[in-house]
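Per the UniProt record's numbering, residue 1 is the first one in the sequence shown, and the count goes up by one each step.
Cβ coordinates follow ideal geometry from the N, Cα and C atoms, glycine included.
Notes follow once the structure below has been shown.
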Amino acid sequence: DSQPLNDKVNDITTKLLAEGITTLQNLNIWINLFNYDIKKNQNQWLNLLTQSLRKWWFSDCFGEKFTGKCYHRKVIWNWESNANCFHFDNKCWDDESCNELKNHVIESLSRQDGSINGWTWLLLLIIKIPSEHDASYWINANVVLNEDKEEENISPNKESKHDPELLRNQLEYCAACVGWKKFLIECQTIAIIDNLWQFIQETLETLDDIIENDKLTFSLCDFLKKDENEVRIRKLGENVIDLSNLNPVMEKFVYYKTLADNFMIVVRSYLKKPPADLEEFYKFCRNLDHYYLSDFETKFKPKFEKEKLLSEIFQSMADREKSELFHIMWNKKQTNPISTINLVDIFKQADSDWNILISKIKNKTLQYIDLEPYQVTNWKLEVDILFPETKHQEKDTIKSYLQDIENASYFLQTRDHLRLLKNATMIIQNIHKNKILKDNEVWQHFDKASIKEASEWYLKCRHYFGDISNKRDVLELICNNEKKIQDLATNEIFTVQSQFEFTIQRMDDSQNEKFRQLVSPLREINQTMKKIIWDIKFESSCELAKAILTLSEQSNNFGIKLAKCLGMDFKGLFQLVKEGDQLSVVKGLGQFEKAGQTGEWVFSDYETMFGHQLNSIPNFSTKIKSKVDKYEGLTLQFGITSLNYDSIENALDRLKLGLDSEGKKKIEEIVLQYEICKEIYAIRIDYWERGGRDKKEKLD
């Protein structure tokens, strides 16, 4: 102390304090350095300690001018403010740290030099004994949330002198202190240790009293069963609690709690509401934590002893809660409303189906048709539920069979698509100019097949066709429009290129707007069908089926375009392009000449167009369909003949093609009238679509 710090010592100390890290050993060095009483160079020494404090401890908490022994108070303040992190009941204490603290305290007690005061101060910081006045241990024990109603108060235990929830929290604290038991017994000369040990003893005595007087609540029993609480309480209370009373109580709790939990699962997952004769039991189970075990015995034990099968049924249904299979079986048998009697009956029927399925899977006798009612998504989960306790070797055998079941299930999900593909392939095959000589045996009869066969079909179909789940629209169009598909394949206006171009031109020049709108889609569809289907010679029906499946991939919205083309008026199209039909032309000319003399243009009014919808659709005037054909209600009436818009369009198309210039002059006037009337009627329709008033005067 009398010598100034030389350079070497200064360098070593500076390095130690600057580069040290916060470890238990370094902290011990730091504390020793702090307690070292230096006479000279105090400012330099304090600065070094201050810098080390910033480096090792809470550096953000110290200012630049922070000097003197105030840093010691800062450390103490930080320790006190964070003491809750080291409470006696925290999990941060392991056996090693417990023993280390115990050894320090015992050593200080033996020295009798006053050092125990520091440890007493520390123990007072980290030991917080819960009490009735400690707000952190008060919880609102008597309020539960009702799913359908507002909060309701449940207070079944008013006669108890002990608050079950407060006791539960006190027991939780005691259980957390089990690692300190030996320490607490050996150090009772310290007041806080003695107080904690007395608190633990009194709490355990309270628990023993509750057990002896049959006043254990489900909540307390539930706490004891969680984690290792029961083992810890037994260890702490081996000289306080009569374990001969505790053992049978906990056995009863496990049975009652399991029964109640299983029943609630049954109500929640299988029933719309509890059976009428179990309504009281349902209310009891909803607030189970607040009741004594003795309440259960008094109210419900006789019923369940009389109907022992019920508890077994509840257990089985709870075990199968996540099984789609069992839910399907249950729902097939379920009636509504349901009573305890028919609940048992329904379970027996569903359980019979369950056991039959187990037997078929074990014996590998399951057939494809057996899967039809059970289209589940996770067969692996189902097998785990079906065979919960199967030996490892037997389960491996079942799992190998599981892959066949899954494949057969996937096949079942796409069965309708495959049938559509089969029908579409047969339709195209019968129409195609190049007949297929080789027919693959891919199409099978499904119903009597084994799971193994169905699995093989699925793998074969997936190999041949890939995923067909998104091809349904095109397949349905082919199957539902066989005659029009045949026309596309065989009629010369589609198959002969020159005639097809002539047809497209006639459609483009037509007064019929529907034909004009289909020019582009029809060209694309016809070219695609020729390229992919009609111009190809297929060696087998499988090749043809694969080609059909590629149609939808040829362009965007192929299915929509195909639907528009197949929805076209083929008869009207054939009449449009047919040349040399003079009889039809002459007849049409006669009709229009007569119409020009005696005909009358008729505009359907609002009521005629939409009257049938007025009563069926509320506020129809504001919900009028937005896409009415512009000329749908326009007709030409002469004599007993009435021509609607489409008939007029088709007739004028034929006349334009078949009449010479002199004949065309004869119908010029009525054609002009027709164009004017179309414009007028389009305005009316537009007015109605925009929400115009319902009633309109007829135009003369």
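query = Is the region 289–299 close to the region 344–358, with three or more CB pairs under 8 Å?
reply = no
task = From the DSSP output, read off the bridge partner residues of Y292.
result = In the DSSP output, where bridge partners are listed per residue, Y292 has T217.
message = For a quick check, are the C-beta atoms of I436 and L551 less than 8 Å apart?
response = no
task = Report the residue from F387, A563, K484 and S409 whose alpha carbon sits nearest the alpha carbon of Q375.
result = Checking every option, the nearest Cα to that of Q375 belongs to S409.
ask   = From L343 to R268, what does the alpha carbon distance come to, in whole angstroms?
value = Taking the CA atoms as reference points, L343 sits about 14 Å from R268.
request  = Drop a sphere of 10 angstroms on the beta-carbon of I185, count the other beta-carbons inside from all chains shown, and report buried for 16 or more, exposed for fewer.
outcome  = exposed
message = Please state the DSSP three-state secondary structure of S450.
response = strand
ask   = Counting along the chain, where does the alpha helix (DSSP H) carrying L386 start and finish?
value = Counting along the chain, the alpha helix (DSSP H) containing L386 begins and ends at W379 to L386.
request  = Less than 8 Å between the CB atoms is what I'm expecting for I233 and L124, so what's the real figure, rounded?
outcome  = Not really, about 26 Å apart at Cβ, beyond 8 Å.
key: Inter-residue Cα distance where the pair is L589 and N480   = 37 Å
request  = Evaluate V577 with the Cβ neighbour count: other Cβ atoms within 10 Å of its Cβ, from every protein chain shown; 16 or more gives buried, anything less gives exposed.
outcome  = buried
task = Give me the Cα-Cα distance between I200 and N103, rounded to the nearest whole angstrom.
result = 22 Å
ask   = If you count every other CB in all the chains shown that lies within 10 Å of the CB of H463, and 16 or more means buried, which is it?
value = exposed
inquiry  = When you compare the CB positions of Y291 and T217, do they come within less than 8 Å of one another, or not?
reply    = yes
task = Can you tell me which of the three DSSP states Q413 falls into?
result = helix
inquiry  = In this structure, how does DSSP classify W119 when only helix, strand and coil are distinguished?
reply    = Helix, per DSSP.
task = State the Cα-Cα distance for the pair W688 and C565, rounded to the nearest angstrom.
result = 30 Å
request  = With DSSP as the reference, please indicate the residues paired to W601 in a beta bridge.
outcome  = Per DSSP, L636.
Opening and closing residue of the alpha helix (DSSP H) in which N169 lies = P164 to A176
task = Would you grab the beta carbon distance between E212 and N245 for me? Rounded to a whole angstrom, and I think it's under 8 Å.
result = 6 Å
message = Measuring straight from C-alpha to C-alpha, what distance separates K537 and L652?
response = 42 Å
message = List, from N- to C-terminal side, the alpha helix (DSSP H) runs of 4 residues or more that fit wholly inside the region 492–573.
response = 492–495, 497–509, 513–517, 519–529, 541–550 and 558–566
message = Tell me the residue span of the beta strand (DSSP E) that contains L643.
response = Where L643 is concerned, the enclosing beta strand (DSSP E) stretches over T641 to N644.
query = Tell me, which residues are paired with Q367 by DSSP?
reply = Answer is S450, bridged to Q367.
key: 7 Å Cβ shell around F326 - same chain, five flanking residues per side excluded   = Cβ neighbours of F326 beyond the five flanking positions: R320, A350 and W354.
message = Tell me which residue opens and which closes the alpha helix (DSSP H) that F88 is part of.
response = Counting along the chain, F88 falls outside any alpha helix (DSSP H), and DSSP gives it neither H nor E.
message = What does the alpha-carbon distance come out to for the pair W121 and N90?
response = About 18 Å.
ask   = If you draw a straight line from the alpha carbon of I116 to that of C187, how long is it in whole angstroms?
value = 11 Å
query = With 8 Å set as the bound, which would you pick, yes or no: does the beta-carbon of L278 sit closer than that to a beta-carbon of chain B?
reply = Any reference to chain B falls outside this structure, which holds one protein chain only.
S647 versus E553: straight-line alpha-carbon distance, rounded = 37 Å
inquiry  = Rounding to the nearest angstrom, what Cα-Cα distance links L224 and L48 in this structure?
reply    = 53 Å
ask   = Cα-Cα, which of K460, L634 and H417 is closest to S469?
value = H417
request  = Please say whether I427 and E482 have beta carbons closer to each other than 8 Å?
outcome  = yes
query = In terms of residue numbering, what span does the alpha helix (DSSP H) encompassing E186 cover?
reply = Looking at the DSSP string, the run of the alpha helix (DSSP H) that includes E186 is K181 to E186.
task = May I ask you to report which of helix, strand or coil DSSP gives V577?
result = helix
message = Let's see if you can read the secondary structure: which residues bound the alpha helix (DSSP H) around I265?
response = L243 to Y270
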